[in-house]
Amino acid sequence: MDNEEAKSQAETRNAIVFGCSCRLHLPLYRIWDEHYLWDLKPLYYYLVRFWIPYHKYHAVFTPQRMFDTFIREGEDWERNYLPLKPVPKKGMILDAGAGEGETILFYAKRGFRNFVAVESDLKAYSHLLRNVERLKMFGLQVVARNKSFDAEDLEGVKFAKIDVEGGERELLAVDSLPCEMIVEIHNSSLFHDFKSKWRDLELLRATPVTWEQGHVNHADTIYLVRLWPAS
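Under our numbering, the first residue of the sequence shown carries the number 12, and numbering increases by one thereafter.
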C-alpha cells in the first residue's frame, strides 16, 4: 500500500469514527479536543445542526469539514442560504463549491431533490462522490463535476449557491442571471464590480479577514450577497 492510499484510508476512518456513518454512533470524545473543551456550543451544533436532522442520510465528512461547515456556519446557512422566492422542489439547484456535499445535504433536508455539484478540489470531490452515491438511495439526483465554475453551469438551474474562492468573477461575463442566487465574493474590488454590474444586489454579510503572505499582513473583506434574475 503506497503512502497516498494509506493516507486516504486513514482520512476515511477518521470521518466514519466521527459519528457520521450508517452505524450512527456518537463518540463525544471527538468533540472534546483542545479547541473545544471550554465551549459546549460545538457539541450543541453537532447534535442539533447535524446529527439529529441529517444522520439518516449516512453521509460521511472529514472532521475538519464538519466543524468548518455544519458547526461554525450552520446559523449562517439557516439565515442566508435559502431561496426567498418559491423554487420547485424538483427544480435544479446549482451548488458551485460543493465541497464534500455538505450544502447539498442542507438543501436536501429542505425538500430539494435535483442538484448540479461543481467542485474543483480533487480531494473534496472524492468525498463528494461517495456522498452522492449515498444520497441517491434517498431519491436525490446529483450531477457531480470536477471542474472550475463557469457560466455554462448555470444552464437550466432554478437556484444557485456559489462559493468558489474568486471564481465568482465568471458571473460578471454574463448578460443576465437565470435565477436567484447566493454568492460569496472574496475581495472588496470584486464586490464593487458586482455592485456596478448588478444594481439590485442585496448584501447579506461582510466579514473582515486577515492573512499573511511573504511575511506581510493583508486585510480584506468577504461578502455574501443575494443576486436576482432579470424581471
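Glycine is no exception: its CB is placed at the ideal position from the N, C-alpha and C atoms.
Q) When the Cα atoms are used, what is the spatial distance from L182 to L116? A) As a first step, residue 182 must be located in the sequence shown, where it is residue number 171. As a first step, residue 116 must be located in the sequence shown, where it is residue number 105. Between L182 and L116, the C-alpha separation is close to 25 Å.
Q) Does DSSP put V71 in a helix, a strand or coil? A) If you number the sequence shown from 1, residue 71 lands on position 60. Three-state result, V71: coil.
(Q) With H, G and I counted as helix, E and B as strand and the rest as coil, what does DSSP make of D204? (A) Within the sequence shown, numbered from 1, the residue matching residue 204 stands at position 193. Helix, per DSSP.
Q | Within-9 Å CB hit, K67 to chain C | A | Among the chains of the structure shown, chain C does not appear; only one protein chain is present.
Q. Name the DSSP bridge partner or partners of R216?
A. To locate residue 216, count along the sequence shown from 1; it is residue 205. According to DSSP, R216 bridges with L235.
**Q.** Neighbourhood of W88 by C-beta distance below 6 Å, restricted to the same chain and skipping five residues each side
**A.** Here residue 88 corresponds to residue number 77 of the sequence shown, with the count starting at 1. Apart from sequence neighbours up to five positions away, the residues of its chain that approach W88 with a beta-carbon distance below 6 Å are F117, ordered along the chain.
Q: Return the CA-CA distance between N157 and E130, expressed in angstroms with no decimal places.
A: For the purposes of this step, residue 157 is identified with residue 146 of the sequence shown, where counting begins at 1. For the purposes of this step, residue 130 is identified with residue 119 of the sequence shown, where counting begins at 1. N157 and E130: Cα-Cα distance of roughly 5 Å.
Q: Determine the direct distance from the alpha carbon of D132 to that of N142, and round the result to whole angstroms.
A: The residue given as residue 142 occupies position 131 in the sequence shown. The residue given as residue 132 occupies position 121 in the sequence shown. Cα to Cα, the separation comes out at about 15 Å.
Q | Candidates L201, W209, I196, of which the one nearest L188 by Cα | A | Mapped onto the sequence shown, residue 188 falls at position 177. When the alpha-carbon of L188 is set against those of L201, W209, I196, the nearest one is in W209.
Q) So what's K96 in DSSP terms, helix, strand or just coil? A) Against the sequence shown, residue 96 aligns to sequence position 85. If DSSP states are grouped into helix, strand and coil, K96 belongs with coil.
Q. From what residue to what residue does the alpha helix (DSSP H) around V143 run?
A. Here residue 143 refers to the residue found at position 132 when the sequence shown is read from its first residue. Per DSSP, V143 belongs to the alpha helix (DSSP H) from 133 to 147.
Q: Taking all protein chains shown into account, decide if I42 is buried (16 or more other Cβ within 10 angstroms of its Cβ) or exposed.
A: Translated into the one-based positions of the sequence shown, residue 42 becomes position 31. At I42 the pLDDT is 41, less than 50, meaning the model places this residue with poor confidence; the figure from the coordinates comes in the next sentence. When all chains shown are included, I42 counts as buried.
Q. Alpha carbon to alpha carbon, how far is G102 from T232?
A. Within the sequence shown, the letter at position 91 stands for residue 102. Within the sequence shown, the letter at position 221 stands for residue 232. Each residue's alpha carbon lies about 32 Å from the other.
(Q) Contact defined as beta carbons within less than 8 Å: I believe R2 pairs with I173. What is the distance between those atoms, to the nearest angstrom? (A) Look at the range of the chain in this structure, 12 to 242, and you will see that residue 2 is not part of it.
**Q.** Neighbourhood of Y40 by C-beta distance below 8 Å, restricted to the same chain and skipping five residues each side
**A.** Within the sequence shown, the letter at position 29 stands for residue 40. At Y40, the pLDDT of 37 sits below 50, so the modelled position is not reliable; the number obtained from the coordinates is stated separately. Counting only Cβ-Cβ distances below 8 Å, and skipping sequence neighbours, we find nothing.
Q) Based on Cα-Cα distance, which residue from G122, R180, V220 lies nearest to I196? A) By 1-based counting over the sequence shown, the position of residue 196 is 185. Looking at the Cα atoms, R180 is the closest of the given residues.
Q: Could you have a look at L151 and say whether DSSP puts it in helix, strand or coil?
A: Within the sequence shown, residue 151 is the residue found at index 140, counting from 1. Assigned with DSSP and collapsed to three states, L151 falls in coil, not helix or strand.
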